[in-house]
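The structure appears right after this line, and notes come after that.
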Amino acid sequence: MTLLKRGANLLVKLNRYMQKLQCYQAIMKTFSTLLPFIFLGALLKYIYQAVLVPEGFFATIYQVEQWLPAYRQIGIIFNGLELVTVSLTALLATLFSAQFLAESLGDDASLVGICGLLVIILLNFNYRLMMNPSGDNHNLLYLKNFDFRYLFLGLLTGILVAYAYHLLTKLRNWIWPAYHHDRSYLERGIRGLFPLIFILILAAVLGYLLNISSQKNLANLFNRLLNLPISNFKHTMLFICFLSIVNGILSFLGFANLISISALGINSNVSVANINYALAHKSVDHVPNPITLHTMYECYGNFGGVGLTLGLILAIILFSRQRRLRQVALLSLIPGGLGTINAPLMVGVPILFNPIMLIPFLLSPLASMSIAWFFINFKMMPPAVYGAPDSTPSFLLGFIGTNGNWVALVVSFLGIAVSTAIYYPFLKILEQEMIKKRVYS
Amino acid sequence: MKQKGIIKKLIGGISLILIILGLIIPSNNWINHHVSSAQIVYNSRLSPIIFIPGSNASVDRFDGLFKQLNSGAIKHSIVKIKVKEDEQLEVKGKLKPRDLQPFFVVGFEDNADGYSHIKKQAKWFDIAMTFLRSHYYFNNFSGVGHSNGGLIYTIYLENYLDQDDLEIKSLITIATPFNFNESKIEKRTQMLNDLIKQRQRLPKNLVLVSIAGTKNYTDDGIVPSQSVEAGKYIYQTQIKNYTNITVTGNNSDHSDLVQNPQVVEIIQNNTKGLIGREQNSNFPDNHPITKKRKK
Chain A
1 MTLLKRGANL LVKLNRYMQK LQCYQAIMKT FSTLLPFIFL GALLKYIYQA
51 VLVPEGFFAT IYQVEQWLPA YRQIGIIFNG LELVTVSLTA LLATLFSAQF
101 LAESLGDDAS LVGICGLLVI ILLNFNYRLM MNPSGDNHNL LYLKNFDFRY
151 LFLGLLTGIL VAYAYHLLTK LRNWIWPAYH HDRSYLERGI RGLFPLIFIL
201 ILAAVLGYLL NISSQKNLAN LFNRLLNLPI SNFKHTMLFI CFLSIVNGIL
251 SFLGFANLIS ISALGINSNV SVANINYALA HKSVDHVPNP ITLHTMYECY
301 GNFGGVGLTL GLILAIILFS RQRRLRQVAL LSLIPGGLGT INAPLMVGVP
351 ILFNPIMLIP FLLSPLASMS IAWFFINFKM MPPAVYGAPD STPSFLLGFI
401 GTNGNWVALV VSFLGIAVST AIYYPFLKIL EQEMIKKRVY S
Chain B
1 MKQKGIIKKL IGGISLILII LGLIIPSNNW INHHVSSAQI VYNSRLSPII
51 FIPGSNASVD RFDGLFKQLN SGAIKHSIVK IKVKEDEQLE VKGKLKPRDL
101 QPFFVVGFED NADGYSHIKK QAKWFDIAMT FLRSHYYFNN FSGVGHSNGG
151 LIYTIYLENY LDQDDLEIKS LITIATPFNF NESKIEKRTQ MLNDLIKQRQ
201 RLPKNLVLVS IAGTKNYTDD GIVPSQSVEA GKYIYQTQIK NYTNITVTGN
251 NSDHSDLVQN PQVVEIIQNN TKGLIGREQN SNFPDNHPIT KKRKK
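Given below as structure tokens:
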């Protein structure tokens, strides 16, 4: 008991320490600015994927295309809205994190913010269009390089730019001391020029170097770095747990869904062999590969998104009295409860960079997968073999994948319940911290 | 005040259960419907062509034929299996993902001629089939047997094939001596008698094409055309369709027949609908429960 208490104290201390950091504060401020856009974007994205794409879950099982007038037109409008709100997350994150950090460092905030924005654009700029105008890349920028998956990259760029600007300003002040009384807008512009030039030229050169590298831009570079070798992947429970933890840590740091789980999951050779077997034998029992990344992680370790955040949503709705948390949970109920888009929760609670939330975030998928493994290994239920439509509610993947096996449904709910129980104590610590913060500030 | 809270919670709980049921029931119907339709479609999916070479020939016997069959846009993967005398299997080649009509060749370490050897080889072929089925999960196939390979097929069909489990759609025998080297049809060998005796066990839906080659008016250099024709005593009236074709001209020697352009054409025609079919057919890519998920 004392050990547990000591652990909780440690988490609280770590949390308080981090909250004192300037860059942490800047990130949190960025989150609060981005939050409405992320809420809206996640909701629109889920509705678009599930209802307005013919292959989506609701579109499939309720055959929305048949009875909804102007189905395609509505879909196109939603797609545009969703793209604009979701795809610019990393871009905006750079702008705001640079701006807020500059503010607390005492620099020219809006100038630094714009500088950060330009830097992230330069780093993802498509120079190859100029090198080879007749090539097949006609976009100077790819919107998809700025979506929620690259949030960390945006934040990192913003913070680095703000610190670089701060250092260069100091250097400039040392070379040309400022006239403190001169606050004219011309002076502001001229004095900003020096650090700006350095940072932008550096970013442009880096961007060019990235372009001629094999990864082509910054987002791609990170994407490739984090892509695990798929070919020699063994479908053993231990490795699946390891992959789950890695994916959890990456998400915790702001790299959402960067590991292409679906390529390893339902689309992998072992899963295809499972489907072939099940169709040939007209039964999902005794398939050749019962334990795969799909049957374990995708179907039982990913309810509501990475970190089994559906458990957290339920824990908040059932047990929390904090108005703010309850609002976040209710707002992310559709994208993060039915779908697996947990961005609102990651930014709203927040889970990102929050040491209190890290443990349950990594632990609850493991717990839920272990339960499923137990049931599958001892033949109490078959593994999920068949593919479900895109955007199927995560807690139905096991049920649909086994051609409607009720045990699979019960095990899914059991996994969610266990995860809720795991999140509960950490939620209480978080709540206490929130109350204390409000009292002292 | 407290009562109001309870009512609110009650309404919340009931609506949650209704929503979840509204998701579960239609998705259950959907998956049941689609799995049964997928099972039907699956029957026409992976459908290999399984080749058996003749006596004294190795698993590489059909390489020339494969080159011709694979010269088009669609490349079929080739898997060669050699059954050793101790019933161990030597497997070469790999099935490409999403190849719906791979070529499997089954050869034997002991590939000697003679009825007793051929009976053994038929048993070994069954072992190879069990292996192939457990690795690639197909429930129908087409066969091509060259020379004695056609005899092995006939013995296999009469003695080993489990028709409830596995369907042979078509069989092409090339210069298969159903009466060995006997050119007089009145003189039936022991083997032909055995094969005729058990002919009612042959699958009723089989389509068989028996190809004979002739250099002169009597044989292809090795096998007498009467011996090839003797196949009618086994197959005719027992199966859905029995066709006997005689090929003459260039490349109609016993061994060259396999590369004969007319024979290649016959193989292509008889496995039609499968060979030359788009590999990425409507199934499985577009079928909801097996399609590739987009990232």
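Chains as they are written, first to last, in the working numbering: chain A, 1 to 441; chain B, 1 to 295.
For each residue, glycine too, the CB sits at the ideal point set by N, CA and C.
Interfacial residues, the stretch 26-41 of chain B to chain A, with Cβ spacing under 7 Å: 26, 27, 28, 30, 31, 32, 35, 38 and 39
What's the gap between the Cα of residue 391 of chain A and the Cα of residue 268 of chain B? Position 391 of the first sequence, counted from the start, is the residue given in the question as residue 391 of chain A. Position 268 of the second sequence, counted from the start, is the residue given in the question as residue 268 of chain B. Going by the C-alpha atoms only, they are around 42 Å apart.
So residue 233 of chain B contacts chain A; which residues on that side make the cut at Cβ distance below 7 Å? As a first step, residue 233 of chain B is located in the second sequence; it is residue number 233 there, counting from the start. The contacting residues do not exist; residue 233 of chain B stays about 35 Å from chain A at best.
As a quick exercise: from A:145, A:350 and A:45, pick the residue whose alpha carbon is nearest that of residue 32 of chain A. Mapped onto the first sequence, residue 32 of chain A falls at position 32. Per the Cα distances, A:350.
Mind reading off the beta-carbon distance from residue 353 of chain A to residue 24 of chain A? Whole number of angstroms is fine, and I expect it under 8 Å. Along the first sequence, read from residue 1 onward, the residue named residue 353 of chain A stands at position 353. Along the first sequence, read from residue 1 onward, the residue named residue 24 of chain A stands at position 24. Confirmed, Cβ separation roughly 7 Å.
Looking at the C-beta of residue 137 of chain B, does it have a partner C-beta in chain A at a distance below 8 Å? One-based indexing of the second sequence puts residue 137 of chain B at position 137. Judged by the 8 Å Cβ criterion, residue 137 of chain B is in contact with chain A.
Hey, residue 253 of chain B and residue 221 of chain B: beta-carbon distance below 8 Å or not? Locating residue 253 of chain B in the second sequence gives position 253, counting from the first residue. Locating residue 221 of chain B in the second sequence gives position 221, counting from the first residue. Yes.
What first and last residue would you give for the beta strand (DSSP E) that runs through residue 143 of chain B? For this step, residue 143 of chain B is matched to residue 143 along the second sequence. Residues 140-146.
Terminal residues of the continuous alpha helix (DSSP H) containing residue 233 of chain B? Along the second sequence, one-based indexing puts residue 233 of chain B at 233. Counting along the chain, the alpha helix (DSSP H) containing residue 233 of chain B begins and ends at 231-235.
Find the residues of chain B that neighbour residue 143 of chain A, judging by a C-beta separation of less than 8 Å, and give them in chain order. As a first step, residue 143 of chain A must be located in the first sequence, where it is residue number 143. The premise fails here: residue 143 of chain A is roughly 16 Å from chain B at the closest Cβ pair, so nothing lies under 8 Å.
Thinking C-alpha only, which one of A:332, A:433, A:377 and A:127 is nearest residue 45 of chain A? In the first sequence, the residue the question calls residue 45 of chain A occupies position 45. Minimum Cα distance to residue 45 of chain A is reached at A:332.
Give the DSSP-derived three-state secondary structure of residue 274 of chain B in the structure shown. Here residue 274 of chain B corresponds to residue number 274 of the second sequence, with the count starting at 1. With a pLDDT of 47 at residue 274 of chain B, under the threshold of 50, the predicted position of this residue should be treated as unreliable, and no value is reported.
Tell me the DSSP secondary structure of residue 247 of chain B in three-state form. By 1-based counting over the second sequence, the position of residue 247 of chain B is 247. In the structure shown, residue 247 of chain B sits in a strand (DSSP, three-state: E or B).
Residues in the stretch 159-174 of chain B having any Cβ partner in chain A nearer than 8 Å: none
Candidates A:283, A:16, A:125 and A:73: closest to residue 32 of chain B by CA position: Counted from its first residue, the second sequence places residue 32 of chain B at position 32. It is A:283 whose Cα lies nearest to the Cα of residue 32 of chain B.
Using a Cβ-Cβ cut-off of 7 Å (strictly less than) and excluding sequence neighbours within five positions of residue 219 of chain A, which residues of its own chain qualify? Residue mapping note: residue 219 of chain A aligns to position 219 of the first sequence, counting from 1. These residues qualify, in order along the chain: 124, 145, 150 and 153.
What in chain B is Cβ-close to residue 449 of chain A, meaning under 7 Å? Look at the range of chain A in this structure, 1 to 441, and you will see that residue 449 of chain A is not part of it.
Taking residue 24 of chain B as the query, report the chain A residues whose CB atoms sit under 8 Å from its CB, ordered along the chain. In the second sequence, the residue the question calls residue 24 of chain B occupies position 24. Those are 396, 399 and 409, listed as they occur along chain A.
Quick one: give me the first and last residue of the beta strand (DSSP E) that residue 96 of chain A is part of. In the first sequence, counting from the first residue as 1, residue 96 of chain A sits at position 96. Not the beta strand (DSSP E): residue 96 of chain A falls in the alpha helix (DSSP H), residues 89-105.
Alpha carbons only, please: which of B:79, B:151 and B:129 is nearest the one belonging to residue 161 of chain B? What you label residue 161 of chain B is simply residue 161 of the second sequence in a count that begins at 1. Ranking the options by Cα distance to residue 161 of chain B, first place goes to B:129.
Status (buried if at least 16 other CB within 10 Å, exposed otherwise) for residue 72 of chain A: Your numbering for residue 72 of chain A matches position 72 in the first sequence. Exposed, by the Cβ-count rule.
Closer than 7 Å by C-beta to residue 238 of chain B: which residues in its own chain qualify, once you throw out the five before and the five after it? Chain order, please. What you label residue 238 of chain B is simply residue 238 of the second sequence in a count that begins at 1. Cβ neighbours of residue 238 of chain B beyond the five flanking positions: 199, 200 and 202.
What does the alpha-carbon distance come out to for the pair residue 164 of chain A and residue 10 of chain A? Within the first sequence, residue 164 of chain A is the residue found at index 164, counting from 1. Within the first sequence, residue 10 of chain A is the residue found at index 10, counting from 1. Answer to the nearest angstrom: the Cα atoms are 32 Å apart.
Going along the stretch 60-81 of chain A in order, which residues come within less than 8 Å of chain B, judged by CB to CB distance? 60, 61 and 62
When the Cα of residue 112 of chain B is compared with those of B:147, B:7, B:90 and B:182, which residue comes out closest? To locate residue 112 of chain B, count along the second sequence from 1; it is residue 112. Closest by alpha carbon: B:147.
So with CB distances below 7 Å, who are the chain B contacts of residue 377 of chain A? For this step, residue 377 of chain A is matched to residue 377 along the first sequence. Here the premise fails: no neighbours, minimum Cβ distance about 22 Å.
Beta-carbon within less than 8 Å of residue 59 of chain B's beta-carbon, same chain only, minus the 5 sequence neighbours each way: which residues are those? Counting from one through the second sequence, the residue named residue 59 of chain B turns up at place 59. The answer, listed in chain order, is 53, 80, 81, 82, 92, 105, 106 and 107.
Where does residue 279 of chain B sit, in a helix, a strand or coil, going by DSSP? Taking the second sequence and counting its residues from 1, the one referred to as residue 279 of chain B is at position 279. Legend: pLDDT at residue 279 of chain B = 38, less than 50; position of this residue unreliable, value from coordinates given subsequently. It is coil, neither helix nor strand.
Using a Cβ cut-off of 8 Å (strictly closer), state whether residue 383 of chain A contacts chain B. Residue 383 of chain A sits at position 383 when you count from the first residue of the first sequence. So no, residue 383 of chain A is outside the interface.
Output, in chain order, the set of chain B residues within a Cβ distance shorter than 7 Å of residue 463 of chain A. Missing from the structure shown is residue 463 of chain A; chain A here goes from 1 to 441 and no further.
Going by C-alpha distance, which of A:434, A:355 and A:63 is nearest residue 15 of chain A? As a working note, residue 15 of chain A is residue 15 in the first sequence. Of A:434, A:355 and A:63, the residue nearest in Cα terms is A:355.
State the Cα-Cα distance for the pair residue 84 of chain A and residue 17 of chain A, rounded to the nearest angstrom. Numbered from 1 along the first sequence, position 84 holds the residue referred to as residue 84 of chain A. Numbered from 1 along the first sequence, position 17 holds the residue referred to as residue 17 of chain A. Using only the alpha carbons, I get a separation of about 36 Å.
Return helix, strand or coil for residue 295 of chain B, following the three-state DSSP convention. Counted from its first residue, the second sequence places residue 295 of chain B at position 295. Its pLDDT being 39, under 50, residue 295 of chain B is placed unreliably in this model, and the value from its coordinates should be taken loosely. Coil.
Name the chain A residues that come within less than 8 Å of residue 46 of chain B, Cβ to Cβ? Here residue 46 of chain B refers to the residue found at position 46 when the second sequence is read from its first residue. Within 8 Å Cβ-Cβ: 276.
Go ahead and label residue 134 of chain B buried or exposed: buried means 16 or more other beta carbons lie within 10 angstroms of its beta carbon, across all protein chains shown. Along the second sequence, one-based indexing puts residue 134 of chain B at 134. Flag for residue 134 of chain B reads exposed.
Contact set for residue 343 of chain A: own chain, Cβ-Cβ below 6 Å, skip 5 residues either direction: Here the question's residue 343 of chain A lines up with position 343 in the first sequence. The residues are 38, 42 and 148.
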